[in-house]
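In this text, residue positions in the sequence shown follow full-length UniProt numbering: the first is 1, and each later residue adds one.
C-beta atoms are modelled at their ideal positions from N, C-alpha and C, and glycine is treated no differently.
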Amino acid sequence: MAEADSVAVIGLGRFGRAVALELMASGTEVLGIDGREDVVQDLNGQLTQVVRADATKEESLKQLAVHEFDRVVIAVTGDIKVSILCASLVLQLGNPVIWAKATDEQHGRILEQLGVHHVVYPESDMGRRVAHLVRGAAKDYLEIDAGYALVKAAVPAELHGVTLGESEVRRRHGVTVAAWKGGNGSWHYAERETVLRTGDTVLVVGPTKRVEAFAQLR
């Protein structure tokens, strides 16, 4: 899938606003749509274009040429019916790839049944991420897929001063060290010849239980 040059974000609450501003920071053209005048005014000048409009009206979406955007993010919160109606209308326009925020599994299933291309669950995803961080010693945690994760962790003592090839991390712990960072330095790809030291940080990928166990090592 090609990188998106233009994105329409419908619903500019905390989630939609964060998505829109991050897209702008990455150089993407962003149209923001919300029904609240105060929200629109607050973001005026921060997005390529931000308008007050009713996204449950087909005519409004057509006038704003939403169908001409590469992607549409439906970030409507608080009213599932509005989210579903908005998704249905954007799908009827035919062109954009749609990302939609779901508040729960039932909402997500309906969006998927409509044909929404990507459904995200920011609250539950963040909840699971925080749970793993609270539970373990990982500095950060990212679930890549069910049962598979990427963890940022301190380098355990058993890896200090030896090459990754000699340490046999994959055989002994069932994980792969993908990258490392020394002290306050920058990130580097991990190679067989990489030697890790006290104070270094690593990115480790593998089955969730195994990467969490690795993060617990001292």
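Asked	Found
Neighbourhood of residue 163 by C-beta distance below 7 Å, restricted to the same chain and skipping five residues each side	192, 193, 194 and 195
Nearest-angstrom Cα separation, counted from residue 214 out to residue 91	44 Å
Residue 43 and residue 17 closer than 8 Å at C-beta	yes
Contacting residues, own chain, Cβ-Cβ under 6 Å from residue 181 (five flanking each side not counted)	187 and 201
Enclosing alpha helix (DSSP H) for residue 173 [first to last residue]	169-173
Collapsed DSSP secondary structure at residue 118 in the structure displayed	strand
Backbone CA spacing between residue 135 and residue 128 [nearest angstrom]	11 Å
The beta strand (DSSP E) enclosing residue 152, as first and last residue numbers	148-154
For residue 76, the three-state DSSP class (helix, strand or coil)	coil
Complete alpha helix (DSSP H) runs within the UniProt domain "RCK N-terminal" (4-120) (minimum length 4 residues, chain order)	14-25, 37-43, 58-63, 80-93 and 105-114
For residue 178, the first and last residue of its enclosing beta strand (DSSP E)	176-181
Sequence-distant residues of its chain with Cβ nearer than 6 Å to residue 39 (five each side left out)	12
Identified DSSP bridge partners for residue 160	196
Residue environment, residue 26, which counts as buried when at least 16 other CB atoms sit within 10 Å	exposed
Best match in 203, 62, 78 and 100 for proximity to residue 150 [C-alpha to C-alpha]	203
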